Amino acid sequence: MLTVITLAILGLLWGGVYLLMATGLNLIYGVMKVVNLAHGDFIVLGGLLALSLFAEVGLNPLAAFPIAALVMFTIGAGVQFGLLEHITAAGSEGELRTLLATFGLSYVVANASFLVWGSQFQSVPFLEGAVQAGPIAIPAGLLAASLAAFATTLLIHLWLTTTITGKSLHATAQSALGAASCGIDVRRVRMLAFGLGSAMAGGAGALVITLIPFQTSTGGELTVHAFTLIALGGLGNYAGAWLAAELLGLTEVFAQFYLGSNAAAAVIYIVFIAVLVVRPQGLLGQAGRV
Amino acid sequence: MRDRLIEAVFLGTLLLLALVITRSGSAYLAQTLFNAGLAILLAIGWNVIGGFTGYVSFGQVSFFGVGAYVAALATTRLALPWPMAIAAAALGAIILALPLGLIMLRLSGIFFALGMFGLARILQISVSAMRVTGGPMGMSFDAAEDPHICAAVMLLVAAAALAATWLMLRSRFGLRLLAIRDDAVAASASGVHVWSVKVLAFCLSAALAAVGGALYAWNLGYLDPSSAFNGTIELQSVLMVTAGGIGTVWGPLVGGATISVLSTFLWARFPMEQQIVLGGLTILIAVAMPGGAMAALARRGVLRRTPVWAPPPAVTAAPATAPAMPDKRAPVLRCFNLGIRFGGVLAVKAVDLVAYPAEMLAVIGPNGAGKSTLFNLISAFARPATGHIVFDGKRLPPLRPERLARSGIARTFQTSRLFASLTVWETVLLAALSLHRNRRRARTEAARILAQVGLLEQWREVPETLPPGRQRLLEIARALALQPKVLLLDEAMAGMSAEEIARVHAALRHAMAGGCAVVAIEHVLPAIAPLAARVQVLDFGVTIAEGHPHAVLNDPAVITAYLGVELEDAADVAA
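Chains A and B, in that order, give the protein sequences. For reference, each letter of the first sequence is one residue, going 1 to 290 in our numbering. For reference, each letter of the second sequence is one residue, going 1 to 575 in our numbering.
So, in structure tokens, the structure goes:
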């Protein structure tokens with residue numbers, strides 16, 4: 001029983017981390033209507049940046065978090081400005097081309113990281129003790145990462161819903177044409193969205209690398225994780241995304257414990273395909289069409 | 001015809017040359033040609049699902065890996081000779097793809113692409129966990145003895161696959177694939193069994209990838225999960241097809257040959273940077289040259305797709321024998337109490353509708369009256385919540401739209417839905433082929449209908465180049481090619497010139513003379529009034545008037561529905 005409770009708490013904490021990973025992708029999907037297939041590689045890159053900051057400068061991961069986010073913001077905004085913005089085709093052709101471009105990007109990012117950091121699994125040690133709550137021990141690192149992730153997601157959410165810039169992002173997500181006709185610079189919004197989404201990926205990476213070791217090829221798996229979550233949770237639905245993140249966190253932790261890590265990886269993909277099949281439109285409410 | 005001969009001679013020479021080089025060149029050269037052949041084969045397989053069917057996949061490597069493992073196991077465990085092991089690989093992939101297609105093809109766009117990616121990972125993890133495959137350490141077995149023979153077989157298989165897609169694109173199957181890619185809804189309205197065509201294409205593409213995997217195993221003599229389900233293979237397949245030209249016959253050949261040479265070169269000289277360059281090229285092509293090499297060639301008129309079974313045969317005089325007239329007073333279509341609800345809105349509530357052969361029923365009503373929804377219910381694009389339909393004396397079971405289209409209820413759409421890449425000729429031929437198995441018969445019928453609506457001279461054109469009125473005319477021709485007993489026209493004459501309306505009238509009169517019942521939704525009543533025997537008026541999902549056009553148009557309820565109530569009357573009502 002104690003094991004189950006501990007696992008449940010771990011799962012819920014992991015949910016926070018997943019939420020941060022997916023919210024960035026959700027933001028990009030919302031505004032661009034396209035999933036950034038390099039999202040997972042951005043997460044890994046953020047983590048590896050934190051690793052270098054720790055190894056070279058001795059910066060702790062919580063301090064590396066904003067730096068990784070800032071660097072990834074620049075990269076993300078640059079990708080949007082320099083590459084994706086030049087795909088001018090509208091409708092399904094435009095979506096397909098953007099998707100293919102991010103598919104290529106994912107290989108570029110993963111292999112460029114490989115050149116810099118090599119192929120071995122790497123991790124950043126951080127708060128290795130445990131917080132004791134009665135009979136239950138919770139890893140302090142996970143607790144800190146989870147709280148930081150929750151706080152960041154909440155802040156972004158507040159920013160999106162209360163500030164003018166945030167609202168213009170929201171408006172563009174609902175209808176780019178409508179937003180443009182209200183005088184919103186949609187190009188700028190897209191750049192901001194892609195940058196912000198990437199920043200969240202980078203930040204999440206800085207936290208996650210303290211919890212699980214990263215390899216440059218981990219990216220694809222993380223992209224699927226994040227995408228599963230937004231398919232499950234629903235676009236722009238904060239409560240839905242949070243619920244999905246918790247569900248995914250619990251699934252992952254329980255599968256890891258009872259089935260082993262190999263099978264757990266398969267379980268996530270099976271959940272992913274099951275979600276797609278049961279809700280072909282996703283819980284996003286609209287059919288995804290390329 | 002001459003172009004095709006040149007194509008054939010050119011390719012034949014190329015293949016022969018490649019075979020000669022394989023036989024006489026060094027083992028290294030043979031291996032390079034093997035890699036090129038494999039790349040081309042994989043590109044062709046990816047193109048069948050990603051290009052012709054429009055389902056971009058990021059998990060085609062699943063079938064490559066499965067094929068490789070099935071072949072390896074067939075030779076080691078069952079001691080099958082390699083040719084049979086390769087056939088077993090294709091069979092295994094099809095057995096896997098059949099149920100999988102039924103599930104995965106329900107997804108679309110990014111969902112399908114990522115779903116397939118997930119599938120490849122699941123398979124990789126499963127194979128790693130299996131003992132029979134040697135788990136993560138892999139398995140080794142006897143490879144091909146002579147690399148020259150191996151390369152020659154590979155090239156022949158790739159050439160056969162290329163020939164197969166070439167033939168496919170000139171067959172009814174290819175025509176249907178292209179139609180589905182352009183617009184699946186319109187394809188099923190044209191009587192195309194969308195589902196089975198897609199699944200068939202999925203299986204074909206899987207089998208091609210599996211044969212590639214089997215030949216790869218035969219060539220190497222060793223397999224492990226991470227090389228059999230290698231992401232690089234996926235990246236290369238996507239890149240080769242997009243570089244060459246997605247959805248074209250020659251694209252995979254051009255892209256496969258160039259990218260495989262480049263990739264082999266990179267692997268030899270810059271193994272660390274190989275994937276960065278390939279990924280970068282993928283981005284570049286997606287951003288800057290969407291159609292790939294073939295689009296650039298097609299703009300110069302080289303290797304452009306030729307219309308299927310063209311040109312249309314000459315149309316002889318109109319058929320002399322009029323078909324037997326069905327009993328005019330027996331209704332061909334009766335709808336009882338049809339209703340459907342969208343969320344909280346009852347779009348159609350309890351509508352009855354009767355259509356008689358050789359007669360037109362006009363359905364009119366203000367915007368949002370439920371006219372188009374009613375059509376969707378009748379043509380099975382939406383399922384009614386209440387009520388039922390009796391067609392041709394029998395109560396209709398819930399059918400798929402294409403079944404209905406084949407059995408005699410054809411329709412057009414409110415905003416025209418044509419196939420962007422099919423010519424006028426192919427559009428009508430597609431529908432005619434749903435009805436006639438016989439090729440000559442279908443061609444004759446398609447040509448006759450095109451002549452009837454006056455589009456025969458424009459048979460080469462694609463919808464984009466037709467003026468809007470002609471596009472509508474083409475849609476009507478497509479519906480007529482199904483030789484319907486009931487034709488549902490959804491504002492078919494909106495935006496037509498007087499001349500085009502006259503053509504439609506002539507075609508409809510002809511169809512009605514043959515016994516076809518026409519049910520026409522129209523906003524512009526004069527466009528339809530001369531033909532309509534009866535008018536039915538809908539408002540807020542219910543029938544508010546029905547009868548002879550003249551009587552209905554003077555009905556106070558109809559006037560109120562269209563023009564509202566005058567202020568004094570409203571005051572009277574209020575008082």
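Ideal Cβ placement from N, Cα and C applies to all residues, glycine included. The structure presented is a predicted model; accordingly, all values stated were derived computationally and were not measured.
- Message: Determine, for Gly115 of chain B, whether the minimum Cβ-Cβ distance to residues of chain A falls below 8 Å.
- Response: Taking Cβ atoms only, chain A reaches closer than 8 Å to Gly115 of chain B, which makes this a yes.
- Message: Can you pull out the residues from the region 84–96 of chain A whose beta carbon lies closer than 9 Å to at least one beta carbon of chain B?
- Response: Leu84, His86, Ile87, Ala89, Ser92, Glu93, Glu95, Leu96
- Beta-carbon neighbours of Gln275 of chain B, restricted to chain A and to distances below 7 Å: Those are Tyr107, Asn111, listed as they occur along chain A.
- Message: Does any residue of chain A have a CB that is nearer than 8 Å to the CB of Ala494 of chain B?
- Response: Not an interface residue.
- Query: Listed in chain order, which residues of the region 120–132 of chain B have Cβ atoms closer than 8 Å to some Cβ of chain E?
  - Reply: The structure shown contains no chain E; its protein chains are A and B.
- Message: What would DSSP say about Gly359 of chain B, mapped onto helix, strand or coil?
- Response: Strictly speaking, residue 359 of chain B in this sequence is Glu, with Gly absent from that position. The answer is coil: DSSP assigns Glu359 of chain B none of H, G, I, E or B.
- Message: Quick check on the burial criterion: 16 or more other C-beta atoms within 10 angstroms. Buried or exposed for Asn35 of chain B?
- Response: buried
- Straight-line CA distance for Val132 of chain B to Val70 of chain B? 11 Å
- Decide if the region 209–220 of chain B is in contact with the region 106–115 of chain B; the criterion is three or more beta carbon pairs, one per stretch, under 8 Å apart. no
- Using three-state DSSP, classify Ser175 of chain A as helix, strand or coil. coil
- From this set, A:Ser52, A:Val31, A:Val34, which residue's C-alpha is nearest Gly205 of chain A's C-alpha? A:Ser52
- Query: What does Cys182 of chain A pair with, by DSSP beta-bridge criteria?
  - Reply: DSSP, once it has assigned bridges, lists no residue as partnering Cys182 of chain A.
- Minimum C-alpha distance to Leu105 of chain B - residue among B:Ala158, B:Ala201, B:Lys349: B:Ala201
- So is Leu177 of chain A in contact with chain B if we call contact Cβ pairs under 8 Å? no
- Message: Going by DSSP, what residue range makes up the beta strand (DSSP E) through Asn337 of chain B?
- Response: Counting along the chain, the beta strand (DSSP E) containing Asn337 of chain B begins and ends at 333–342.
- Count the other CB atoms, across all protein chains shown, that sit within 10 Å of the CB of Arg77 of chain B; report buried if there are 16 or more and exposed otherwise. exposed
- Message: Please confirm whether Pro290 of chain B has its beta-carbon closer than 8 Å to some beta-carbon of chain A.
- Response: Taking Cβ atoms only, chain A reaches closer than 8 Å to Pro290 of chain B, which makes this a yes.
- Run through the region 262–289 of chain B for me and flag every whole beta strand (DSSP E) of 3 or more residues, listed as ranges in chain order. none
- Item | Extent of the continuous alpha helix (DSSP H) to which Ala36 of chain B belongs | 27–47
- Task: Alpha carbon to alpha carbon, how far is Leu48 of chain A from Phe121 of chain A? Give it in angstroms, no decimals.
- Result: Here the C-alpha atom of Phe121 of chain A lies approximately 10 Å from the C-alpha atom of Leu48 of chain A.
- Run down chain B in chain order and give the residues with a C-beta less than 7 Å from the C-beta of Asn36 of chain A. Here the premise fails: no neighbours, minimum Cβ distance about 11 Å.
- Hey, does Gly251 of chain B have any beta-carbon neighbour from chain A nearer than 8 Å? no
- Message: Is the separation between the beta-carbon of Leu466 of chain B and that of Thr427 of chain B shorter than 8 Å?
- Response: no
- Task: Under 7 Å Cβ to Cβ from Ala574 of chain B, same chain only, skipping five residues before and after it: list those, please.
- Result: Caution applies to Ala574 of chain B, whose pLDDT of 48 falls short of 50 and renders its modelled position unreliable; the value that the coordinates give is listed next. Answer for Ala574 of chain B: no residue qualifies.
- Give the residues from the region 255–278 of chain A that approach chain B closer than 9 Å (Cβ to any Cβ), ordered along the chain. Asn262, Ala263, Ala265, Ala266, Ile268, Tyr269, Ile270, Phe272, Ile273, Leu276, Val277
- Between Arg269 of chain B and Pro252 of chain B, what straight-line distance do the alpha-carbon atoms span, to the nearest angstrom? 25 Å
- Item | For Thr423 of chain B, the three-state DSSP class (helix, strand or coil) | coil
- Message: Strictly under 8 Å for the Cβ-Cβ distance: is Ala101 of chain A near chain B by that measure?
- Response: Yes - at least one Cβ of chain B is within 8 Å of the one on Ala101 of chain A.
- Query: Taking DSSP as the reference, what is the three-state secondary structure of Tyr222 of chain B?
  - Reply: strand
- Task: Just the chain A side, please: which residues come within less than 7 Å of Gly118 of chain B by C-beta, in chain order?
- Result: Val224, Tyr269, Phe272, Ile273, listed in chain order.
- Task: Indicate whether Gln471 of chain B and Ser416 of chain B have their beta-carbon atoms separated by less than 8 Å.
- Result: yes
- Given that Thr282 of chain B touches chain A, what residues does it touch there, using C-beta distances under 9 Å? Leu100, Ala101, Phe103, Gly104, Leu105, Tyr107, Val108
- Query: Within the 8 Å Cβ cut-off, does Phe34 of chain B reach chain A?
  - Reply: Chain A contact via Cβ: absent.
- Item | Any C-beta of chain B under 8 Å from that of Phe214 of chain A | no
- Query: In terms of residues, what are the limits of the beta strand (DSSP E) holding Thr618 of chain B?
  - Reply: No statement about residue 618 of chain B is possible, as the shown extent of chain B runs from 1 to 575 and does not include it.
- Query: Roughly how many angstroms lie between the CA atoms of Ala347 of chain B and Gly365 of chain B, to the nearest whole one?
  - Reply: 13 Å
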